[in-house]
Amino acid sequence: MSIGNKIENLDENKREEKPETRKVSESVVETVHIVRPNHLNGAERLFGGILMQWIDEVAALAAKRHSHRNVITASVDNLRFLKGAYQKDVIVIRGKVTYVGRTSMEVKVDSYVEKIDGKRILINRAFFTMVALDDSDRPTEVPGLGLETGEDRQEWEKAKLRREMRIRRRAEDF
Ligand SMILES: CC(C)(COP(=O)(O)OP(=O)(O)OC[C@H]1O[C@@H](n2cnc3c(N)ncnc32)[C@H](O)[C@@H]1OP(=O)(O)O)[C@@H](O)C(=O)NCCC(=O)NCCS
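And the structure:
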């Protein structure tokens, strides 16, 4: 299939046409970490590689909860370190499935520093494409995504545009 056709047919995997559907809320994952001395880099901030590992785990768990399959990370888009984190900070990482294709799922992962009063400050955002695998480790179909809220629907539309970009980039070997 040409890229043009592939993009035009993005909704070939229409959510409502899939035999099985899971709601967005069913696969939301939230983890909490406390920044310890062994998580710090030379500048006394949380080491980026540690945060990326935590984020990757959350993305994988959300995708597993949605697909009930083993998953692999196909790509990570636009991972942005917005603010630093420091020793003793409480890091909350929240992942939710925002889009599903035939075998892939987009998981949006937001990371926050949670203050003592409960206020959360966004320190990182990333979009993962996770692929579900069958028992022979080949990509396999995932359930549809049940959009429950206006926010879910907005996320879906935005994710569709990101997927379009990914298909173009992949074709251009970017
Ligand atoms: C990801 C992987 C399975 C894709 O395999 P492939 O032979 O290209 O399979 P397909 O072309 O059928 O793609 C499968 C899905 O992945 C998506 N995909 C593949 N490469 C992608 C990329 N670079 N970015 C985003 N999505 C991608 C495709 O769009 C497709 O999604 P869809 O079914 O929802 O339309 C393969 O490249 C792989 O195994 N990569 C290594 C993954 C890994 O080891 N990750 C790190 C450890 S978890």
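When we follow my numbering, the leftmost residue of the sequence shown carries the number 3, and every step to the right adds one. From the three backbone atoms N, C-alpha and C, an ideal C-beta is built for every residue, glycine too. Here the structure is a predicted model, which means the values were calculated and not measured.
Worksheet item: If you measure from each residue's Cβ to the nearest non-hydrogen atom of ligand 1, which ones come out under 6 Å, in chain order?
Response: Every residue whose Cβ sits closer than 6 Å to any heavy atom of ligand 1 is listed here in chain order: 74, 75, 76, 77, 103, 104, 105, 106, 131, 133, 141, 168, 172.
Practice prompt. Quick one: using the 10 Å Cβ neighbour count with 16 as the cut-off for buried, is residue 176 buried or exposed?
Written response: Residue 176 sits exposed, since fewer than 16 C-beta atoms from the chains shown fall within 10 Å of its C-beta.
Discussion item. Can you tell me where the beta strand (DSSP E) holding residue 68 begins and where it ends?
Written reply: For residue 68, no beta strand (DSSP E) segment is defined; the enclosing uninterrupted segment is the alpha helix (DSSP H) at 50-69.
Worksheet entry | Minimum C-alpha distance to residue 68 - residue among 121, 23, 117 | Closest option to residue 68, Cα to Cα, is 23.
Discussion item. What does the Cβ neighbour count give for residue 137, buried or exposed, with the cut at 16 atoms within 10 Å?
Written reply: By the neighbour-count rule (16 or more Cβ atoms within 10 Å), residue 137 is not buried but exposed.
Discussion item. If you measure between the beta carbons of residue 108 and residue 129, is that distance less than 9 Å?
Written reply: Contact: yes.
Worksheet item: Excluding sequence positions up to five away, which residues of its chain have a Cβ less than 6 Å from the Cβ of residue 48?
Response: Same-chain partners within the cutoff: 37, 41, 87.
Practice prompt. Let me know the secondary structure DSSP gives residue 102 once reduced to three states.
Written response: The answer is strand: DSSP assigns residue 102 an E or B state.
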